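Everything in the sequence shown is counted per my numbering, starting at 24 for the first residue and increasing by one. Backbone N, C-alpha and C fix where the C-beta goes; we use that ideal spot for every residue, glycine too. Since we're looking at a predicted model, the values are computed, not measured.
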Amino acid sequence: MSIPAASGSVPEQEAEPPVYERIGGRAALETVVEDFYARVLADEVLQPFFTGINISRMKGRQVEFFSAALGGPDPYIGASMKQVHQGRGITRYHFDLVACHLTDALSGAGVPPELVAEIIAAVSPLADEIASNP
């Protein structure tokens, strides 16, 4: 004997949209990345890591990366985080400074604190690929 499925008696829960959509999509990411790099490049500890780097290109790559990492429509097709950051002398201290600037840029763009925490939690595991030593 089969039991017919209930029709309409219990509403189905809708899946929460990806973080990418909840923060406002690509336009919001571009705003956050612009502010993020302004903060990072103004940091005298971090600024030397960007000497000779095409910042405009890097901002575009960062938007692509965050888009993919936060559930956006396009995959990240750049080099691996380890490959990009290898041999640059980036420590966990530097990674944490960057994470603080990202937190500030997200907060400055009006992203709610619980969503900022979710984003930081999503990128924090990358420390092992980016930082070459403690």
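- Between G101 and R80, the C-beta spacing is not below 7 Å.
- Excluding its 5 nearest sequence neighbours in each direction, S155 has C-beta neighbours in its own chain below 8 Å: H108, Q109, G110, R111, G112, I113, T114, listed in chain order.
- Collapsing the DSSP output to three states places T114 in a strand.
- Using a Cβ distance threshold of 7 Å, P148 and G94 do not count as a contacting pair.
- With a cutoff of 7 Å on beta-carbon distance, A132 and V55 are scored as near each other.
- Given a length threshold of 4 residues, each whole run of the alpha helix (DSSP H) inside the segment 45 to 131 is given here in chain order: 48 to 65, 78 to 92, 104 to 108, 115 to 131.
- In this model, Y116 and A122 are separated by some 10 Å (Cα to Cα).
- The C-beta separation of V86 from L125 comes to about 13 Å, leaving the pair out of contact by the 8 Å criterion.
- A distance below 7 Å separates the beta carbons of F118 and A150.
- Straight-line measurement puts the Cα of P71 at about 14 Å from the Cα of A61.
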